[in-house]
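Under the numbering used here, the sequence shown has 347 at position 322, and the numbering climbs by one with no breaks. Yeah, the Cβ is synthetic: ideal placement off N, Cα and C, and Gly gets one too.
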Amino acid sequence: MWRKMSINVMFLTTEIIPIRILWLCPHYDHRFLMLYGQLVIGPPGSGKTTYCHAMSEFLRGLGRRVAVVNLDPANENLPYEPSINVSSLITVEDVMEKGKLGPNGGLIYCMEFLEENITWLLEELQNFKDCYLLFDCPGQVELYTHHESLQKIVSVMMKSGFSLSAVHLVDSHYCCDPGKFVSVLLLSLNTMLQMEMPHINVLSKADLVEKHGKLHFNLDFYTEVLDLQELVELLSDDAILGRYKKFNKALLELVENYSMVSFHLLSIQSKECMSKVLQVADKANGYVFGINEEDRNIQNLLSCAMGADFEDAKIADIREKYVSMDSKHVEGYASQGR
26 MWRKMSINVM FLTTEIIPIR ILWLCPHYDH RFLMLYGQLV IGPPGSGKTT
76 YCHAMSEFLR GLGRRVAVVN LDPANENLPY EPSINVSSLI TVEDVMEKGK
126 LGPNGGLIYC MEFLEENITW LLEELQNFKD CYLLFDCPGQ VELYTHHESL
176 QKIVSVMMKS GFSLSAVHLV DSHYCCDPGK FVSVLLLSLN TMLQMEMPHI
226 NVLSKADLVE KHGKLHFNLD FYTEVLDLQE LVELLSDDAI LGRYKKFNKA
276 LLELVENYSM VSFHLLSIQS KECMSKVLQV ADKANGYVFG INEEDRNIQN
326 LLSCAMGADF EDAKIADIRE KYVSMDSKHV EGYASQGR
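Right, here's the structure in full:
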């Protein structure tokens with residue numbers, strides 16, 4: 026059975042208010058207060074745990090000190106040794122047994138319990154002040170789209186001196202199915218609006234992008250989320266989805282109107298991909314602009330400026346390696362006005 030804990034209300038008074046006061050002081054470098062990291066989120070099977078393992082090893086290879094925090098109380102088979110494990114506070118198995126709940130209800134209860142006992146997490150994190158943090162989160166999408174517990178947990182952490190960026194992973198094979206890619210766009214947009222934090226979207230497993238079928242467009246169509254009208258026309262050719270052309274068009278216009286969703290490609294087998302995702306995440310959470318260790322220097326700042334060229338080269342490289350698209354396949358859609 027999990028141990029009960031209570032929220033220390035005074036913690037918010039003693040920790041957050043001084044930080045806000047120091048931010049108002051023009052001569053105080055508030056960046057020394059910040060703890061940087063990534064909140065790794067996404068649907069089940071998108072590769073969150075594998076990413077955390079690979080990224081932690083990649084960061085250690087760069088000379089950074091890393092702490093991986095497992096926030097998934099249902100994840101028992103971890104390929105890494107977590108610095109902090111929420112399972113030491115509460116587990117889904119205990120909740121299901123004692124509360125007579127199913128897996129989904131048990132996981133939501135665990136997140137609500139962690140929210141109520143956020144001081145436990147903050148106290149554990151005090152032991153890793155000099156580390157770059159990777160948070161391995163559960164794969165239940167409700168936690169990112171409309172349930173508020175995880176968003177509130179992140180909000181308290183951000184106010185307590187943590188500068189985090191969300192890394193939202195989605196399996197790249199969804200690009201092969203137009204209907205599924207629309208759902209990916211909506212999920213990504215919904216998550217960005219719900220979490221209210223610096224955010225990057227990543228198409229994971231790029232080396233397996235065509236495992237379940239061929240792409241209908243070039244990779245940059247999916248990463249840059251280009252003219253989605255072409256996707257509407259493609260959906261219209263589907264026997265079932267074609268019945269809902271106006272609805273599909275309205276959904277994609279919603280995504281275009283927000284103009285927030287784009288993706289970065291990731292294959293953990295590629296150091297170039299890992300480096301690019303890390304660069305973008307560091308820029309989002311502010312690590313690259315901070316003052317602390319060797320990575321935050323003028324070379325890193327300049328690398329941000331040349332990120333666009335690097336991205337184009339990376340997409341071309343991945344297309345050459347992993348995408349066996351027949352040119353006629355693309356031209357066929359172009360000739361139909363897409």
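The straight-line gap separating the alpha-carbon atoms of Val-117 and Ala-191 is approximately 24 angstroms.
Pro-203 and Leu-256 do touch by the CB rule: their CB atoms are close to 6 angstroms apart, below 8 angstroms. In chain order, Gly-131 place their CB closer than 6 angstroms to the CB of Met-121, counting only its own chain and leaving out the 5 sequence neighbours on each side. Contact annotation: the stretch 167-184 does not touch the stretch 246-253, with fewer than three C-beta pairs closer than 8 angstroms.
Judged by pairs of C-beta atoms under 8 angstroms, the stretch 220-233 does not touch the stretch 262-273, as fewer than three such pairs exist.
For Leu-139, there is no enclosing beta strand (DSSP E); the residue is part of the alpha helix (DSSP H) that begins and ends at 128-141.
The beta carbon of Gly-238 sits closer than 6 angstroms to the beta carbons of Cys-201 from its chain, once the five residues preceding and following it are set aside; these are given in chain order.
Within the stretch 247-278, the alpha helix (DSSP H) runs of at least 4 residues that lie entirely inside it are, in chain order, 254-261. Going by DSSP, Val-234 is part of no beta strand (DSSP E) at all; its letter is neither H nor E. In the three-state reduction of the DSSP assignment, Asp-119 falls in the helix class.
Rounded to whole angstroms, the gap between the alpha carbons of Gly-186 and Cys-162 is 20 angstroms.
Residue pairing of Tyr-61 in beta bridges, as defined by DSSP: Ser-188. In the structure shown, Ala-79 falls within a helical segment according to DSSP collapsed to helix, strand and coil. Phe-288 sits away from Leu-218, with the two beta carbons spaced by 8 angstroms or more.
Secondary-structure assignment with DSSP links Phe-160 through a beta bridge to Leu-64, Val-94. Of all alpha-carbon atoms in Lys-123, Ser-113, Ser-180, the one lying nearest the alpha-carbon of Glu-149 is that of Ser-113. Under a 10 Å Cβ-count criterion, Pro-98 is classified as buried, with 16 or more other Cβ atoms of the shown protein chains found around its own Cβ. In the three-state DSSP reduction, Val-227 falls in the strand class (E or B).
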